[in-house]
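Participant: Got a structure for you, written out below as structure tokens; questions coming shortly.
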């Protein structure tokens with residue numbers, strides 16, 4: 001099947017419609033959306049009050065931009081954390097659930113391709129996350145009134161959230177195709193999410209510590225960040241929302257950091273196109289998502305067991321079948 | 001329409017299929033008979049493009065399953081032995097979903113769902129959520145689901161398992177109706193009396209080996225030596241019954257006579273003409289109340305075949 005046909009399949013995918021209908025008919029869908037919005041709203045409101053109080057105390061009057069920026073950041077981080085919790089849960093049972101429900105074989109005997117099944121499941125899971133993110137936009141917009149956040153920061157924060165959701169959803173889908181049981185798929189998906197969110201942070205911290213130890217006092221060069229930080233969505237979000245903390249580097253510099261660590265001089269290579277952590281993060285997440293979807297497609301295709309062009313080896317019958 | 005030739009399949013060290021061969025002509029109902037674990041489901045899964053054979057060929061309408069599984073999927077309707085249904089979908093939505101999965105045009109899907117619900121007598125349940133249907137209704141809906149793309153061949157793996165007697169009869173009628181519609185049907189089961197009534201062709205499999213396959217009557221005659229007749233006499237006493245037994249035993253071609261409390265069961269060879277035997281009894285002044293051929297017993301065929309193989 002050609003790439004174009006796959007694309008068309010992806011657009012007119014019965015699985016997306018079916019999953020959407022059955023998901024939205026549960027009581028869970030509106031309850032989760034309500035909780036999601038309520039929690040983000042509560043965090044934003046709390047941060048607003050805390051910020052206001054702190055600024056009143058410090059400067060005698062609230063500094064709207066600082067308060068707005070802090071409240072927006074709190075909500076964005078909280079939303080990212082919620083998405084990290086929801087995405088694996090929504091996608092981890094997508095294919096293993098079909099197997100448990102004994103509906104997968106029937107689906108595999110239909111004309112829907114393995115890619116169509118995986119893509120449909122991913123889109124269906126992510127559509128709900130996207131719905132949650134869309135419903136939260138008015139909350140984020142309210143913080144705009146205070147200033148401190150520009151439109152680009154707003155867009156980038158949402159892009160990072162969506163790309164993280166898709167990445168974690170795709171990983172969960174891969175595990176869902178790999179394991180027979182949804183429980184195993186869910187546990188593995190959360191483990192992978194933990195590695196991506198916390199593991200990269202811990203590794204980055206340790207790498208930073210070992211690579212820059214002893215150089216701070218001897219070099220006038222700024223402290224370089226470990227490249228692994230760039231893979232962390234929370235770090236990328238922080239660099240988007242608080243530009244002063246951005247470790248802007250060049251592509252050459254980033255690759256040098258990634259493969260060779262901080263050079264003895266403490267100064268990474270310059271020249272060539274610049275890269276921001278959010279760009280690296282989105283790129284890496286996209287790569288992981290593509291690899292996970294490809295893996296899931298291969299696993300689902302393997303369930304069909306016969307592939308075009310593969311003819312079983314013929315063996316000569318030992319004796320003719322009886323009573324033919 | 002379906003051809004399976006020297007199919008071989010192993011799971012680890014266990015041989016699941018060993019040189020399995022059979023054919024199913026167009027428009028026939030093929031009963032695939034065997035005990036649990038004999039290889040019925042493995043064979044059906046290979047035909048349904050869900051599993052591959054280690055060796056051998058399987059074709060549907062002349063198309064090799066291994067070479068063009070996509071085209072084979074267009075030709076077959078598959079109903080597995082166990083299948084689930086989706087929650088929170090109505091019967092109509094369920095069928096429309098699978099119609100979409102089989103590439104049925106969007107505008108045709110509602111009509112397809114409506115017609116199939118009528119066929120399986122579930123029209124009054126069109127807006128009922130499928131997970132609330134009874135087992136028998138789910139089986140019928142499953143059969144409707146297998147028909148959404150109007151396939152020429154139906155692969156039904158134990159379609160009547162777990163059904164109550166009424167649901168079984170309904171399922172049987174439905175399968176007969178599908179044959180009238182021109183479908184070629186492969187149906188696996190280990191409930192032999194049902195298959196006997198339903199199938200025109202039969203194949204016996206045991207321990208992954210085909211014991212026999214072909215038209216029902218031919219297989220039966222080949223395996224069970226002689227046909228059996230039931231002879232009942234009117235107001236027959238012990239003496240009459242004994243006389244009838246002697247007359248029958250003396251007749252050429254009669255292989256065995258078994259005297260039962262109210263009738264005689266006579267096993268005859270192929271050379272015996274039933275009318276001649278009946279005329280003989282009447283001629284000898286025996287008052288024959290009924291004289292009938294006992295339908296061949298598939299269970300007996302199966303037992304003999306599997307016994308031979310075990311020996």
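Residue numbers (this note's numbering), protein chains in the order written: chain A, 1 to 324; chain B, 1 to 311.
Just so it is clear, CB atoms sit at the ideal spot from N, CA and C, and this is done for glycine as well.
Owing to the predicted nature of the structure, the values given are computational and were not obtained by experimental measurement.
Run through the segment 25 to 51 of chain B for me and flag every whole alpha helix (DSSP H) of 4 or more residues, listed as ranges in chain order.
Facilitator: 40 to 47
Participant: Contact criterion: CB-CB distance below 8 Å. Does residue 48 of chain B meet it with respect to chain A?
Facilitator: By 1-based counting over the second chain, the position of residue 48 of chain B is 48. Taking Cβ atoms only, chain A reaches closer than 8 Å to residue 48 of chain B, which makes this a yes.
Participant: According to DSSP, is residue 270 of chain B part of a helix, a strand, or is it coil?
Facilitator: The residue you call residue 270 of chain B lines up with position 270 of the second chain. The answer is coil: DSSP assigns residue 270 of chain B none of H, G, I, E or B.
Participant: When the cut-off is 8 Å and only beta carbons count, does residue 215 of chain B lie next to chain A?
Facilitator: Taking the second chain and counting its residues from 1, the one referred to as residue 215 of chain B is at position 215. No, its Cβ sits nowhere closer than 8 Å to a Cβ of chain A.
Participant: Just by C-beta distance, which residues in the segment 56 to 78 of chain B are closer than 8 Å to chain A?
Facilitator: 56, 57, 64, 65, 66, 67, 68, 69, 70, 73, 74, 76, 78
Participant: Per DSSP, residue 243 of chain A forms a beta bridge with which residues?
Facilitator: Numbered from 1 along the first chain, position 243 holds the residue referred to as residue 243 of chain A. Answer is none; residue 243 of chain A lacks a bridge partner.
Participant: Once DSSP output is grouped into helix, strand and coil, what is the label at residue 66 of chain B?
Facilitator: What you label residue 66 of chain B is simply residue 66 of the second chain in a count that begins at 1. Three-state DSSP puts residue 66 of chain B in coil, outside helix and strand.
Participant: Would you call residue 145 of chain A buried or exposed, if buried means 16 or more other Cβ atoms sit within 10 Å of its Cβ?
Facilitator: To locate residue 145 of chain A, count along the first chain from 1; it is residue 145. So residue 145 of chain A counts as exposed.
Participant: For the beta strand (DSSP E) that contains residue 201 of chain B, what are its first and last residues?
Facilitator: To locate residue 201 of chain B, count along the second chain from 1; it is residue 201. Note, residue 201 of chain B: beta strand (DSSP E), 201 to 206.
Participant: Whose C-alpha, out of A/153, A/302, A/196, is nearest the C-alpha of residue 238 of chain A?
Facilitator: Position 238 of the first chain, counted from the first residue, corresponds to residue 238 of chain A. Checked all of A/153, A/302, A/196; the closest Cα to residue 238 of chain A is A/153.
Participant: Hey, is residue 97 of chain B's beta-carbon within less than 8 Å of any beta-carbon in chain A?
Facilitator: Taking the second chain and counting its residues from 1, one reaches residue 97 of chain B at position 97. Chain A contact via Cβ: present.
Participant: Specify, as a first and last residue, the run of the alpha helix (DSSP H) that residue 172 of chain B falls within.
Facilitator: Taking the second chain and counting its residues from 1, the one referred to as residue 172 of chain B is at position 172. It spans 165 to 180 - the alpha helix (DSSP H) in which residue 172 of chain B sits, taken as one unbroken run.
Participant: I want to know whether the segment 157 to 172 of chain A touches the segment 280 to 294 of chain A - three or more CB-CB distances under 8 Å.
Facilitator: yes
Participant: So, for residue 123 of chain A: in the same chain, excluding its five sequence neighbours on each side, which residues have a beta-carbon less than 6 Å away from its beta-carbon?
Facilitator: Sequence index remark: in the first chain, residue 123 of chain A carries index 123 (1-based). For residue 123 of chain A, where only same-chain residues beyond five positions count, the Cβ hits under 6 Å are 16.
Participant: For the candidate residues B/58, B/91, B/125, B/265, whose alpha-carbon lies nearest to that of residue 229 of chain B?
Facilitator: Working through the second chain from its first residue, we reach residue 229 of chain B at position 229. Closest by alpha carbon: B/265.
Participant: Against chain B, with Cβ distances strictly below 8 Å, would residue 123 of chain A count as a contact?
Facilitator: As a working note, residue 123 of chain A is residue 123 in the first chain. So no, residue 123 of chain A is outside the interface.
Participant: Can you check whether the C-beta of residue 32 of chain B is within less than 8 Å of a C-beta belonging to chain A?
Facilitator: Residue numbering aside, residue 32 of chain B sits at position 32 when the second chain is read from its first letter. So, not an interface residue.
Participant: With DSSP as the reference, please indicate the residues paired to residue 22 of chain B in a beta bridge.
Facilitator: Position 22 of the second chain, counted from the start, is the residue given in the question as residue 22 of chain B. Partner(s): B/4.
Participant: Residue 24 of chain A lies in the alpha helix (DSSP H); which residues open and close that run?
Facilitator: Mapped onto the first chain, residue 24 of chain A falls at position 24. Counting along the chain, the alpha helix (DSSP H) containing residue 24 of chain A begins and ends at 14 to 24.
Participant: Going by alpha carbons, who is nearest to residue 167 of chain B out of B/208, B/134, B/240?
Facilitator: Position 167 of the second chain, counted from the first residue, corresponds to residue 167 of chain B. Checking every option, the nearest Cα to that of residue 167 of chain B belongs to B/134.
Participant: Cα separation between residue 232 of chain B and residue 240 of chain B?
Facilitator: For the purposes of this step, residue 232 of chain B is identified with residue 232 of the second chain, where counting begins at 1. For the purposes of this step, residue 240 of chain B is identified with residue 240 of the second chain, where counting begins at 1. Those two C-alpha atoms are separated by around 11 Å.
Participant: At the level of alpha carbons, what is the spacing between residue 233 of chain A and residue 277 of chain A?
Facilitator: By 1-based counting over the first chain, the position of residue 233 of chain A is 233. By 1-based counting over the first chain, the position of residue 277 of chain A is 277. Roughly 9 Å between the two C-alpha positions.
Participant: Please list, in chain order, the chain A residues whose beta carbon lies closer than 7 Å to that of residue 83 of chain B.
Facilitator: Within the second chain, numbered from 1, the residue matching residue 83 of chain B stands at position 83. Residues of chain A passing the Cβ test: 102, 103, 106.
Participant: Counting only beta-carbon atoms, is residue 14 of chain A nearer than 8 Å to chain B?
Facilitator: Mapped onto the first chain, residue 14 of chain A falls at position 14. Yes, residue 14 of chain A lies at the interface with chain B (some Cβ there is under 8 Å from its Cβ).
Participant: Taking C-alpha atoms, which residue in A/298, A/41, A/178, A/235 lies nearest to residue 196 of chain A?
Facilitator: Residue numbering aside, residue 196 of chain A sits at position 196 when the first chain is read from its first letter. In terms of CA proximity to residue 196 of chain A, A/235 leads the group A/298, A/41, A/178, A/235.
Participant: Below 8 Å CB to CB, which residues in the same chain sit around residue 324 of chain A once its five sequence neighbours on both sides are set aside?
Facilitator: Position 324 of the first chain, counted from the start, is the residue given in the question as residue 324 of chain A. Unreliable positioning characterises residue 324 of chain A in this predicted model, as indicated by a pLDDT of 32, which lies under 50. The coordinate reading is nonetheless provided below. Cβ neighbours of residue 324 of chain A beyond the five flanking positions: none.
Participant: Have a look at B/173, B/197, B/194, B/219 and flag the residue whose alpha-carbon is nearest the alpha-carbon of residue 204 of chain B.
Facilitator: To locate residue 204 of chain B, count along the second chain from 1; it is residue 204. It is B/219.
Participant: Under 8 Å Cβ to Cβ from residue 144 of chain B, same chain only, skipping five residues before and after it: list those, please.
Facilitator: What you label residue 144 of chain B is simply residue 144 of the second chain in a count that begins at 1. 95, 116, 117, 119, 120, 122, listed in sequence order.
Participant: For residue 20 of chain A, collect the residues of the same chain with a Cβ closer than 7 Å to its Cβ; drop the 5 residues on either side in sequence, then sort them by chain order.
Facilitator: Taking the first chain and counting its residues from 1, one reaches residue 20 of chain A at position 20. Counting only Cβ-Cβ distances below 7 Å, and skipping sequence neighbours, we find 124, 127.
Participant: Taking residue 85 of chain B as part of the alpha helix (DSSP H), name the residues at either end of that continuous run.
Facilitator: Counting from one through the second chain, the residue named residue 85 of chain B turns up at place 85. Taken as a continuous stretch (DSSP letters only), residue 85 of chain B belongs to no alpha helix (DSSP H), as it is neither H nor E.
Participant: So, using beta-carbon positions, are residue 209 of chain B and residue 18 of chain B closer together than 8 Å?
Facilitator: Along the second chain, one-based indexing puts residue 209 of chain B at 209. Along the second chain, one-based indexing puts residue 18 of chain B at 18. Contact annotation: residue 209 of chain B and residue 18 of chain B have beta-carbon atoms nearer than 8 Å.
Participant: Output needed for residue 261 of chain B: all residues of its chain with C-beta closer than 6 Å, excluding positions within five of it in sequence on either side, in chain order.
Facilitator: Translated into positions along the second chain, residue 261 of chain B becomes position 261. In its own chain, leaving out the 5 sequence neighbours on each side, no residue places its CB closer than 6 Å to the CB of residue 261 of chain B.
Participant: For a cutoff of 8 Å on Cβ pairs, would you count residue 314 of chain B as touching chain A?
Facilitator: There is no way to answer for residue 314 of chain B, as the model of chain B reaches only from 1 to 311.
Participant: List the residues of chain B whose Cβ lies closer than 7 Å to the Cβ of residue 182 of chain A, in chain order.
Facilitator: Position 182 of the first chain, counting from 1, holds the residue named residue 182 of chain A. Ordered by position in chain B, no residue passes the 7 Å Cβ test against residue 182 of chain A, which lies about 14 Å from the chain.
Participant: Out of B/192, B/195, B/86, B/67, which one is the CA nearest neighbour of residue 142 of chain B?
Facilitator: In the second chain, counting from the first residue as 1, residue 142 of chain B sits at position 142. Looking at the Cα atoms, B/86 is the closest of the given residues.
Participant: Any idea what DSSP makes of residue 181 of chain A, helix, strand or coil?
Facilitator: The count along the first chain starts at 1 and reaches residue 181 of chain A at position 181. Looking at residue 181 of chain A - three-state DSSP - the assignment turns out to be coil, as it is neither helix nor strand.
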